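Here's the structure we're looking at; comments come further down.
Residue numbers (our numbering): 187 to 323.
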């Protein structure tokens, strides 16, 4: 009833013809974030754009050769008094996973500045086989 756009509430009245659906307003359905992956010789450099996201809301996980960047953001719009016509809350969560192979987790470095997450991953050495001698006890 109280929408910023007069057409927002009426979007659901139209059928999805030929698979077309009416676009969601920006930031209402924040799905993913931009990521660049650069081959820098002996390392890979991953850059993720996360403007407005506090560092505490970002997590990095390296598991079974996959690097996962996960973001969770909550925003509340509070208004003074009890007689508000509109009060909004939104929660956004997104994650991206990339196969990076057999990377030593102790060599991965990450830095977050000015809304940009920079991750440096060493490439696995091609002359080192992915093999380890296991002692028998």
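Think of the CB as a built atom: it goes at the ideal place given N, C-alpha and C, for glycine as much as any other residue. All values reported here derive from a predicted model rather than from experimental measurement.
(message) Which residue marks the beginning of the beta strand (DSSP E) containing residue 291, and which one marks its end?
(response) Translated into the one-based positions of the chain shown, residue 291 becomes position 105. First-last for residue 291: undefined, no H or E at that position.
(request) Could you tell me whether the Cβ atoms of residue 282 and residue 221 are closer together than 8 Å? (result) Your numbering for residue 282 matches position 96 in the chain shown. Your numbering for residue 221 matches position 35 in the chain shown. Cβ atoms of residue 282 and residue 221: closer than 8 Å.
(message) Can you tell me whether residue 230 is buried or exposed? The criterion is at least 16 other CB atoms within 10 Å of its CB, across all chains shown.
(response) Counting from one through the chain shown, the residue named residue 230 turns up at place 44. With 16 or more Cβ atoms within 10 Å of its Cβ, residue 230 is classed as buried.
(request) Starting from the Cα of residue 290, find the closest Cα among 242, 257, 232 and 253 and give me that residue. (result) Locating residue 290 in the chain shown gives position 104, counting from the first residue. Checked all of 242, 257, 232 and 253; the closest Cα to residue 290 is 253.
(message) Rounded to whole angstroms, what is the Cα-Cα separation between residue 249 and residue 293?
(response) For the purposes of this step, residue 249 is taken as residue 63 along the chain shown, with counting starting at 1. For the purposes of this step, residue 293 is taken as residue 107 along the chain shown, with counting starting at 1. The alpha-carbon atoms of residue 249 and residue 293 are separated by roughly 14 Å.
(request) Can you check the stretch 241-266 for any beta strand (DSSP E) of at least 3 residues that lies completely inside it and give the ranges in chain order? (result) 244-249 and 252-263
(request) Report the partner residues of residue 308 according to the DSSP bridge assignment. (result) Residue mapping note: residue 308 aligns to position 122 of the chain shown, counting from 1. Answer by DSSP bridge pairing, in chain order: 229.
(message) Measuring only the C-alpha atoms, how far is residue 286 from residue 223?
(response) Here residue 286 refers to the residue found at position 100 when the chain shown is read from its first residue. Here residue 223 refers to the residue found at position 37 when the chain shown is read from its first residue. When rounded, the distance between both Cα atoms is 11 Å.
(request) Indicate the three-state DSSP secondary structure (helix, strand or coil) for residue 284 in the structure shown. (result) Reading the chain shown from its first residue, position 98 is the one you call residue 284. If DSSP states are grouped into helix, strand and coil, residue 284 belongs with the strands.
(message) Let me make sure I understand the geometry here. Which of 288, 307, 306 and 219 has the alpha-carbon closest to that of residue 244?
(response) The count along the chain shown starts at 1 and reaches residue 244 at position 58. Answer by Cα proximity: 219.
(message) For residue 275 and residue 240, what's the separation of their Cα atoms in angstroms?
(response) Here the question's residue 275 lines up with position 89 in the chain shown. Here the question's residue 240 lines up with position 54 in the chain shown. Straight-line Cα distance between these residues: approximately 17 Å.
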